[in-house]
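> Handing you a structure now.
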Amino acid sequence: MREMNETTWKTSPSRAILVGVKLKKDMTHEMEDSLAELEQLADTAGMNVIGEIVQTRESPNPTFFVGRGKIEELQVSIEELRADTVIFDEDLTPAQTRNIEGALDIVVVDRTGLILEIFKQRAQTREATLQVDLARLEYALPRLTRMWSHLSRQATGGGGRVGGAMRGEGETQLQTDRRLIRREISKVKKSLQNVETQRRIRRHGRKEMANVSLVGYTNAGKSTLFNQLTGENREAEDKLFATLDSTTRTIKLPSHHRILLSDTVGFIKKLPHHLVAAFKATLDEVAEADLLLHVVDVSHPQVESQIAAVNEVLDELGASEIPTLMVFNKIDCLENEAVLCLLRSRYPESVNISARCGEGLSALRMELANRFAEDDVDVALALPYSEGKKLDFVYKHGEVLDVNYQSAAIVVKAKIPERHLGRLKRFVATPEEHS
Ligand SMILES: Nc1nc2c(ncn2[C@@H]2O[C@H](COP(=O)(O)OP(=O)(O)OP(=O)(O)O)[C@@H](O)[C@H]2O)c(=O)[nH]1
Ligand SMILES: [Mg+2]
């Protein structure tokens, strides 16, 4: 049996055959779209897709996922096409993986395994690396076959084989590997907790401004929009999961409002639960947002099911109650206007944009300003001359309507977001004082 090792993935691109099952209840196009997405994932992971096999079934076969006859057919294709990997468009049980590996003598990858591989390749910051490590270790634990031995090797810092000399008395290699992986999992969790604490402290310091998070299906254009709104230069490319880390920047709206905008990891259909859990720290940004901008690629044929997939993940994160503005992106390459009309009627609270061309961005900024204007309260403040800094604060975060330099104090009338009132409470003037 060939091992899925670093060489297979990196130097010579794998020659992969995709395997999908169309359940009788599914529409044909759903399965085709899902396979097209799987091909894009394989491509992102640096693999060559050289074939595709599909079977229609009532339900997946518990032993091989597809039927035994299909496995034989697959064997012939593997030899004919000189394939070295098969990728299944669903998650396989650990037993199915073992059975298929045994029958075909080939590297077997499932959807989650492929997504994890992409995440591993793309993780750049320490936090993302730890999150991906955690997800990979948890995925590997019940699947300790030869295919995953490379994973545990890496997780232990690129040293020697997990186990080996370290094997405890009376332990099988498998038990040793499991024990070491569990130990590794708690180590990674601990490191993640530290990173999370730091993130929480940072976030606490930012409570002063409204938090807005970009969410959406992978490749919808979140980073492109983020760059446009912030003037940043985050990586945005035609790849799935270009972004793994969330980044936050302050932006000023065409009003006195300043908000914190976060770019986040994209979602995908059939997103494995433990992956969402591993990215919890990053995604807390989403759960704690005051407003979500749900970026949608309206030119995508699967636009509606992508919206549904994102809503499902938001639900899982406990974020489904957060006010959401739908942002219909890529209108520059929209072929079918009817889709947009339908979506607009379904989501009246939405804006149309092209993040790439810049179209609709000022309308989006205005819409944000209007929304945050609803948080404003009218105040009259009597600021002692010794509190000049507070006046700067009001200028920075509010709209100053009137300033009157009186003998005892500076009397200011302003509109200011309610969240800032706490700081100014002491100086709020009673009507008699400023009238
Ligand atoms: N035609 C067109 N392409 C766009 C638009 N916005 C983004 N794109 C392209 O779509 C691709 C994905 O954009 P990203 O901004 O990386 O998407 P993302 O949502 O951040 O993706 P992930 O980080 O992978 O989840 C890139 O090739 C962009 O250039 C748009 O308005 N029109
Ligand atoms: Mg991105």
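For the sequence shown, the residue numbers in this note's numbering are 107 to 541. Backbone N, C-alpha and C fix where the C-beta goes; we use that ideal spot for every residue, glycine too.
Looking at the structure shown, is residue 183 part of a helix, part of a strand, or coil, going by DSSP?
helix
> Can you tell me where the alpha helix (DSSP H) with residue 166 in it begins and where it stops?
That residue, residue 166, is in no alpha helix (DSSP H); it is neither H nor E in DSSP.
> Suppose you measure from the CA of residue 411 to the CA of residue 139; what does that come to, to the nearest Å?
11 Å
> Tell me whether residue 436 counts as near ligand 2, meaning its Cβ is closer than 6 Å to at least one heavy atom of that ligand.
no
> Can you name, in chain order, every residue of its own chain whose Cβ lies under 6 Å from the Cβ of residue 267, other than the five neighbours on each side?
Low confidence applies to residue 267: its pLDDT is 40, below 50, so where it sits in the model is not reliable, and the reading given next is rough at best. Same-chain partners within the cutoff: there are none.
> Looking at the strands, I want to know which residues DSSP matches up with residue 355.
Paired residue(s): 367.
> Less than 6 Å between C-beta atoms, sequence neighbours within five positions excluded: which residues of the same chain meet that for residue 358?
364
> Do you know whose CA, among 184, 527 and 322, lies nearest residue 433's CA?
322
> Who are the near neighbours of residue 344 in its chain, counting only those whose CB is closer than 8 Å to its CB and skipping five residues on each side?
325
> Using DSSP with H/G/I as helix, E/B as strand and the rest coil, what is residue 118?
coil
> Since residue 158 sits in a beta bridge, which residues does DSSP pair it with?
124
> Going by alpha carbons, who is nearest to residue 69 out of 147, 282, 288 and 478?
Only positions 107 to 541 of the chain appear in this structure, which leaves residue 69 out of reach.
> Please report the Cβ distance between residue 396 and residue 316, rounded to the nearest whole angstrom; I am assuming they are in contact, meaning their Cβ atoms lie under 8 Å.
4 Å
> Measuring straight from C-alpha to C-alpha, what distance separates residue 314 and residue 356?
11 Å
> Between which two residues does the beta strand (DSSP E) holding residue 189 run?
Per DSSP, residue 189 belongs to no beta strand (DSSP E) and is neither H nor E.
> What separation, rounded to the nearest whole angstrom, lies between the Cα atoms of residue 151 and residue 346?
9 Å
> Whole angstroms are fine: how far does the CA of residue 502 sit from the CA of residue 124?
56 Å
> Do you know offhand how far residue 540's Cα is from residue 306's?
Its pLDDT being 45, under 50, residue 540 is placed unreliably in this model, and the coordinates cannot settle the point.
> At what residues does the beta strand (DSSP E) containing residue 430 begin and finish?
430 to 435
> How about residue 131: is its Cβ closer than 6 Å to a heavy atom in ligand 2?
Outside the cutoff, so no.
> Buried or exposed for residue 245, going by 16 or more other Cβ atoms inside 10 Å?
buried
> DSSP state of residue 287, grouped into three classes?
Helix.
> For the alpha helix (DSSP H) containing residue 400, list its first residue and its last residue.
Looking at the DSSP string, residue 400 is not in any alpha helix (DSSP H); the run it does join, the beta strand (DSSP E), is 397 to 403.
> Identify the continuous alpha helix (DSSP H) that holds residue 245 and give its terminal residues.
Its alpha helix (DSSP H) spans residues 232 to 246.
> Tell me, which residues are paired with residue 516 by DSSP?
In DSSP, residue 516 forms a bridge with 489 and 511.
> Just the C-alpha distance for residue 535 and residue 496, rounded to the nearest angstrom, thanks.
14 Å
> Assuming residue 435 contacts residue 403 (C-beta within less than 8 Å), just tell me the rounded distance between them.
6 Å between Cβ atoms; contact.
> Applying the 10 Å Cβ sphere with the 16-neighbour rule, what's the burial state of residue 296?
exposed
> Mind reading off the beta-carbon distance from residue 191 to residue 160? Whole number of angstroms is fine, and I expect it under 8 Å.
Wrong, their Cβ atoms sit about 17 Å apart, outside the cutoff.
> What is the DSSP secondary structure of residue 361, counted as helix, strand or coil?
coil
> Please state whether the Cβ-Cβ distance between residue 431 and residue 455 is less than 7 Å.
With respect to the 7 Å criterion, residue 431 and residue 455 are classified as neighbours on the basis of their beta carbons.
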